[in-house]
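Encoded as structure tokens, the structure appears first; notes follow it.
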Amino acid sequence: MRKSKWLLMFIMVLAVASTLAACGDEEASSEGDSEDVTLKFWTFGATNYEELAKEYEKENPGVTVEVKTSENADHHNSLFTALSAGTGAPDLAMVEIDQLDRFKEAQDRFVNLYELGAEEIQGNYLDWKWQIGENNENDFLFGLPTDIGPKVMFYRTDLFEKSGLPTNPDEVQNMIGSKNDLIQAGETIKEETGKPLVDSMEMVYRAVIDGATESYYDEEGNLLVEEEGNAVKEAYDLAVEFNEHGLVGSYEMWSPEWGDAVNGGDFAIEMGAAWLKGWMSDNAPDAEDQFRVAKLPEEFAGNWGGSYITIPGETDDKEEAYKFVKWLTSPDNQLNSFKSDAGLFPSTPEVYDREEFKEIEDDYFGGQKTSQYFADAATDISFVYKGSKYIPTQDEVLNALQNVYDGADPDKEWEAAVQRMKDVSKR
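In structure tokens form, the structure reads like this:
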């Protein structure tokens, strides 16, 4: 009897000990699940992502987002080097739209966001913007869309007025509805003010190429520039035509001379993207209240710029990274990014119908409500395939246009540019 009693007590002690051990394991497991997470996030240019990251950290205790910002070229080169080496890449990285096809060749170095449930939010974004973020088979998503760069006409009201042209945005759009209308307005401005219509041949070239559904390459990597009706030759010829009419200046974008020309009203129109208005308000103070925004002719509708946020495959925290990027690129936060000093234009069309979006007044543009002009331009844009060698190939055309501006023969320059583009395509 005594032995049975002691045996029973021994069994009870073992049971209690086992229960305590199990509780300890559960607590340890719980603590492991709530370990702090640090996400390294590489960005470029002017964004408000540092501020939004701080908001996310407050809403998600235990998550830290370290934002590193670099210049565009340095950022993309560093990211490409890290991905190639297989070490040193961040948990999250912005990739600019013109650079994306270059990185698509390293698909195995990225997380497929479809595997994390991204298809559930596809409807939040413009179709063309989402499609560019996929691989050619449409079964791998490299990144979630951030901003876009719908192009409009930034025009100087003072130069239009001196030339006897209307200055009201809607009247300007009605007046300039085609290439020929644009040339006619430019000739009037040149005659009355002595100022060129646009800053450079590049801007005229981009008026076509930024909206072309096919440009330098097809999806198999074949160079298209010698094919009948190719947009590259069309864009080149348009730039040459504007130059022959004396409607272009010699201001290279981002140069000090170009900045002075924007500030001083040395040309009448900039065919630029939504992000340009943020640069202007920060860097061209003397031009405040001189510019307004109108839609470009539909044949020049296009997108210039914008990015995606990717998750490199090295990350140990892909689920946490995806939660953050999903939050950051949501319609609400894309609207916040647009309202910030960065002025990133949303790729989430539901925002365009919000009164908060429609009623934003731009003091720099004389109080004009510019948002809807950009939104209207955004809906005219189509999917564009660019290819991994888009930038170096385009540079060869821009070099040719500069030579034409300096007096070279346009036909000979085109032939030379085609040969250089062929050389680029073979590298």
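Residues -21 to -1, 1 to 406 (mature numbering (1 follows the signal peptide of the UniProt record, and there is no 0)) are what the sequence shown spells out, left to right. Glycine included, C-beta positions come from ideal geometry on N, C-alpha and C. Since the model is a prediction, treat every value here as computed from it, not as a measurement.
**Item:** Cα-Cα separation between residue 58 and residue 24, rounded to whole angstroms
**Value:** Here residue 58 refers to the residue found at position 79 when the sequence shown is read from its first residue. Here residue 24 refers to the residue found at position 45 when the sequence shown is read from its first residue. The straight-line gap from Cα to Cα measures roughly 15 Å.
**Request:** Could you give the DSSP three-state label for residue 288: helix, strand or coil?
**Result:** Walking along the sequence shown from the start, residue 288 turns up at place 309. Looking at residue 288 - three-state DSSP - the assignment turns out to be strand.
**Prompt:** If you run the structure through DSSP and keep just helix, strand and coil, what is residue 294?
**Reply:** Within the sequence shown, numbered from 1, the residue matching residue 294 stands at position 315. Correct three-state label for residue 294: coil.
**Message:** Going by DSSP in three states, residue 6 sits in which element: helix, strand or coil?
**Reply:** As a position in the sequence shown, residue 6 is number 27, starting the count at 1. In this prediction, residue 6 has a pLDDT of 43, which is less than 50 and means its spatial position is unreliable; nothing more can be read from the coordinates.
**Message:** Assuming the contact rule is C-beta atoms closer than 8 Å, residue 178 and residue 230 should be a hit. Round their C-beta distance to whole Å, please.
**Reply:** Taking the first residue of the sequence shown as 1, we reach residue 178 at position 199. Taking the first residue of the sequence shown as 1, we reach residue 230 at position 251. Rounded, the Cβ-Cβ distance is 4 Å, consistent with contact.
**Request:** Using beta-carbon positions only, say whether residue 246 and residue 175 come within less than 7 Å of one another.
**Result:** As a first step, residue 246 is located in the sequence shown; it is residue number 267 there, counting from the start. As a first step, residue 175 is located in the sequence shown; it is residue number 196 there, counting from the start. Against a cut-off of 7 Å, the Cβ pair of residue 175 and residue 246 comes out as a contact.
**Request:** Taking the CB atoms as reference points, tell me whether residue 89 and residue 292 lie closer together than 7 Å.
**Result:** Reading the sequence shown from its first residue, position 110 is the one you call residue 89. Reading the sequence shown from its first residue, position 313 is the one you call residue 292. Yes. Within cutoff.
**First and last residue of the uninterrupted alpha helix (DSSP H) at residue 148** = What you label residue 148 is simply residue 169 of the sequence shown in a count that begins at 1. Residues 148 to 154.
**Request:** Return the chain-ordered list of same chain residues with a C-beta closer than 7 Å to the C-beta of residue 140, the five sequence neighbours on each side being excluded.
**Result:** Stepping through the sequence shown from its first residue, residue 140 is reached at position 161. Taken in chain order, the residues that qualify are 146.
**Message:** Whole angstroms are fine: how far does the CA of residue 164 sit from the CA of residue 267?
**Reply:** Residue 267 sits at position 288 when you count from the first residue of the sequence shown. Residue 164 sits at position 185 when you count from the first residue of the sequence shown. So the alpha carbons of these two residues sit roughly 23 Å apart.
**Message:** Could you check whether the region 69 to 81 touches the region 16 to 31, counting it as contact only if at least three pairs of C-beta atoms, one from each stretch, sit closer than 8 Å?
**Reply:** yes
**Item:** Endpoints, alpha helix (DSSP H) assigned at residue 23
**Value:** As a position in the sequence shown, residue 23 is number 44, starting the count at 1. Not the alpha helix (DSSP H): residue 23 falls in the beta strand (DSSP E), residues 16 to 23.
**Prompt:** Of the residues 150, 123, 242, 105, which one's Cα is nearest the Cα of residue 274?
**Reply:** As a first step, residue 274 is located in the sequence shown; it is residue number 295 there, counting from the start. Checked all of 150, 123, 242, 105; the closest Cα to residue 274 is 150.
**Message:** Whole angstroms are fine: how far does the CA of residue 103 sit from the CA of residue 32?
**Reply:** Within the sequence shown, the letter at position 53 stands for residue 32. Within the sequence shown, the letter at position 124 stands for residue 103. For residue 32 and residue 103, the distance between alpha carbons rounds to 21 Å.
**Prompt:** For the putative contact between residue 259 and residue 186, defined by C-beta atoms under 8 Å, what is the C-beta separation to the nearest angstrom?
**Reply:** In the sequence shown, the residue the question calls residue 259 occupies position 280. In the sequence shown, the residue the question calls residue 186 occupies position 207. Wrong, their Cβ atoms sit about 19 Å apart, outside the cutoff.
**C-alpha distance - residue 315 paired with residue 402, whole-angstrom precision** = Here residue 315 refers to the residue found at position 336 of the sequence shown. Here residue 402 refers to the residue found at position 423 of the sequence shown. Looking at the two C-alpha atoms, the distance is approximately 44 Å.
**Item:** the region 353 to 362 touching the region 279 to 289, judged by at least three CB pairs closer than 8 Å
**Value:** yes
**Prompt:** CB-CB under 7 Å to residue 152, same chain, minus the five flanking residues each way: which ones, in chain order?
**Reply:** Position 173 of the sequence shown holds residue 152. If we look at residue 152 and ignore the five residues flanking it on each side, its Cβ neighbours are 273, 274.
**Prompt:** Quick check: the region 335 to 353 against the region 45 to 57, are there 3 or more CB pairs under 8 Å?
**Reply:** no
**Asked** CB-CB under 7 Å to residue 213, same chain, minus the five flanking residues each way: which ones, in chain order?
**Response** What you label residue 213 is simply residue 234 of the sequence shown in a count that begins at 1. Excluding sequence neighbours, residue 213 sits near 187.
**Prompt:** Where does residue 135 sit, in a helix, a strand or coil, going by DSSP?
**Reply:** Residue mapping note: residue 135 aligns to position 156 of the sequence shown, counting from 1. In the structure shown, residue 135 sits in a strand (DSSP, three-state: E or B).
**Prompt:** Whose C-beta lies closer than 8 Å to the C-beta of residue 45 among residues of the same chain, with five residues either side of it excluded?
**Reply:** Counted from its first residue, the sequence shown places residue 45 at position 66. Cβ within range, chain order: 17, 18, 19, 20.
**Request:** Go ahead and pull the three-state DSSP assignment for residue 393.
**Result:** Translated into the one-based positions of the sequence shown, residue 393 becomes position 414. Helix.
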